Structures are given as C-alpha cells and as structure tokens.
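A.B. asks: Residue numbers are given in this note's numbering: position 169 of the sequence shown equals residue 188, and the series is strictly consecutive.
Please find one structure pasted underneath; my questions will follow.
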Amino acid sequence: MPTMTEALPVRGAPCWVNLLVRDLPGAQAFYAAVLDWKFDGSGIPGEGFSVALADGRPVAGIGARSPFLAAPTVWTPYFASADVNGTADRIRERGATVAVGPLAVGEGRAAIASDRDGAVFGVWEGAAPVWSSGAAGTSPWLELWTRDAFEAALFYGEVFSWPRPGPDAIDVAYEEEQVVARVSGRPMAVLSGGAVGSAPDPRIRPRWIVHFPVEDAPRAAAQADRAGGETFPAPGVRSSEYVVRDPEGALFTVAEGAGVFGGGGTPGATADSAPG
20 MPTMTEALPV RGAPCWVNLL VRDLPGAQAF YAAVLDWKFD GSGIPGEGFS
70 VALADGRPVA GIGARSPFLA APTVWTPYFA SADVNGTADR IRERGATVAV
120 GPLAVGEGRA AIASDRDGAV FGVWEGAAPV WSSGAAGTSP WLELWTRDAF
170 EAALFYGEVF SWPRPGPDAI DVAYEEEQVV ARVSGRPMAV LSGGAVGSAP
220 DPRIRPRWIV HFPVEDAPRA AAQADRAGGE TFPAPGVRSS EYVVRDPEGA
270 LFTVAEGAGV FGGGGTPGAT ADSAPG
C-alpha cells in the first residue's frame, strides 16, 4: 500500500484499489494509454509497486505480483479496518475465504479475501492513501455485482459494521433493487444483484466492479483496444460506459461523469448488459 497518506480512514469504508500483475511495465503502459495515468514508485514499501496518479492525485496502485503469491489478476478494492486480524476472523466465520494474510505491508497490515459468492476484496489496517478523500472526477467508484444484493449487504455489514452511527457513520439504504452504502452521507459503494456464479463469462460472475471516470469513454475504449486490451459497450447501463479487459485479463469500466462518489448518477447493472 502507498505511503502517501493523510489520516486513518473511516473504518469499514473503501480506502484504496489495487491491481497485481505479472508485467508491471506493460500494465503501466496500458493504463497510461487508456486513463492518462502517470506513475510514482518513489517512497513505496517493497519493490515493484507504483501509485497511479490522475491529475497529480493518487487514485490506484499497480504492483508486480510475486510468483509465490496466489492472488488473482483483478482490480481489488480495500476496506479500512482497525484490526485486520479480527476482520479476517469475521470473514471466515461467515463462510467466506481469506486467501492472503493478514500480513505486514509497509507500515500497515493487509489481507485479501473473497466473499461467499467469490467477489475478491481486500482489508487494510493503517493510514489511508490520499485517494480515500474521494476527489470527484478523479477517484474511482465501486459497485458489487453479486448474486443477491440484500444477502451481500448482510455479509459486508457484519464484517465491516454497516450500518453504524457516530461521527464516522455508515448508512445502508435499499434503493431501486440496489443497496447503497454511504459514509457521512456520501455514497461509497453500490451493491447490485443478478450475477451468476457459474457463468463462463467473468463479466457476469460476482465481482467488485471498479469504475474509473473519464472525460470521453469512447476514446478511452478505443485507446484500450489499440493498447492490447478488449472492450465491450455496456448497453442498458449507461450510454457513456464501457467494460474493459486489460492484457492480463483484469476487468474494469471507464465511465463519463462524476459517478457515485462525485454525486452523479448511481451506476446500475443487469445480467443482459454484461456489466463491467
């Protein structure tokens, strides 16, 4: 995780997104072409890790995957925890899997897990990257594409203490067949049902979707195709959104507008639209 930090993040809220790859220079070249990112590897604990910068702000991490680490090549959101060991115990107690850790990473501790439907997510204990301040227009927003949004909300609620009152309050609301989790009134994640766990198409299987905001989604999609990726329009969701598969198979979306973190439209998905 990055050392560029502001403060301890809100417990139970997303604070970072990360991708582990086999070819770090190749991944950096791809994401620079698609999202106009620049990369900073200075001051980062461990070799082979870089912070992606959009307009000079940290928005994501991309690191070289150790050959000894059995982690999937997927964009992974990390949720803040005051005690990663205790959070890992709650994950296991509820029938989900902790695949990696908990282990020390730089000045913090981390774990990588998958929920009961197989969606991969991370847990982070320690100071938060600047990304967690959630600048509109640059930071990604998150959507869980899952089998049953209500059941998933119960799982994540029990693991991360949603809902919760207080100065760092997290609220959960059921809106138009989706679940929206908010921290201090600001949407932090959307949970959408309808995923198919046994589907051969990974776009339809349960997963955490990372939506990256762009000014021109068709241009970003065309850049991804030219850079060795593969793109799919997302009809029925948002006309200005595309699903992208990077050269190593990691899925994400590019979408116009401020998105859920910036107060714009809430992203939605249906099985027919092959969500990103």
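Don't be surprised by glycine CBs; every beta carbon is placed ideally from N, CA and C.
Quick caveat: nothing in here was measured; it's all calculated off a predicted structure.
The alpha helix (DSSP H) with residue 244 in it runs from where to where?
C.D. replies: 236-245
A.B. asks: With H, G and I counted as helix, E and B as strand and the rest as coil, what does DSSP make of residue 54?
C.D. replies: helix
A.B. asks: Spatial neighbours of residue 191 within its chain, please: C-beta separation below 7 Å, excluding the five flanking residues on both sides.
C.D. replies: 172, 176, 181, 182, 198 and 200
A.B. asks: Suppose the cutoff is 8 Å on Cβ atoms and the five residues either side in sequence are ignored; what does the same chain contact list for residue 299 look like?
C.D. replies: Outside the displayed range of the chain (20 to 295) lies residue 299, so it cannot be described from this structure.
A.B. asks: For residue 30, collect the residues of the same chain with a Cβ closer than 6 Å to its Cβ; drop the 5 residues on either side in sequence, then sort them by chain order.
C.D. replies: 99 and 101
A.B. asks: Please list the segments of the alpha helix (DSSP H) lying wholly inside the region 128-204, counting only runs of 4 or more residues, in order along the chain.
C.D. replies: 168-179
A.B. asks: Give the secondary structure of residue 122 by DSSP, where H, G and I count as helix, E and B as strand, and everything else as coil.
C.D. replies: Assignment of residue 122 by DSSP, reduced to helix, strand and coil, places it in the strand class.
A.B. asks: Looking at the strands, I want to know which residues DSSP matches up with residue 69.
C.D. replies: 81
A.B. asks: Between which two residues does the beta strand (DSSP E) harbouring residue 228 extend?
C.D. replies: 226-233
A.B. asks: Locate the beta strand (DSSP E) running through residue 263, then write down its first and last residues.
C.D. replies: 260-264
A.B. asks: Kindly indicate which three-state DSSP category residue 46 falls into: helix, strand or coil?
C.D. replies: helix
A.B. asks: Starting from residue 206, follow its DSSP beta bridges and name the residues at the other end.
C.D. replies: 201
A.B. asks: Can at least three beta-carbon pairs, one atom from the region 256-273 and one from the region 236-243, be found at a separation below 8 Å?
C.D. replies: yes
A.B. asks: Among the residues of its own chain, which have a CB less than 6 Å from the CB of residue 167, if the five just before and after it don't count?
C.D. replies: Result list for residue 167: 212, in chain order.
A.B. asks: Does the separation of the CB atoms of residue 71 and residue 43 fall below 8 Å?
C.D. replies: no
A.B. asks: Does DSSP put residue 103 in a helix, in a strand, or in coil?
C.D. replies: helix
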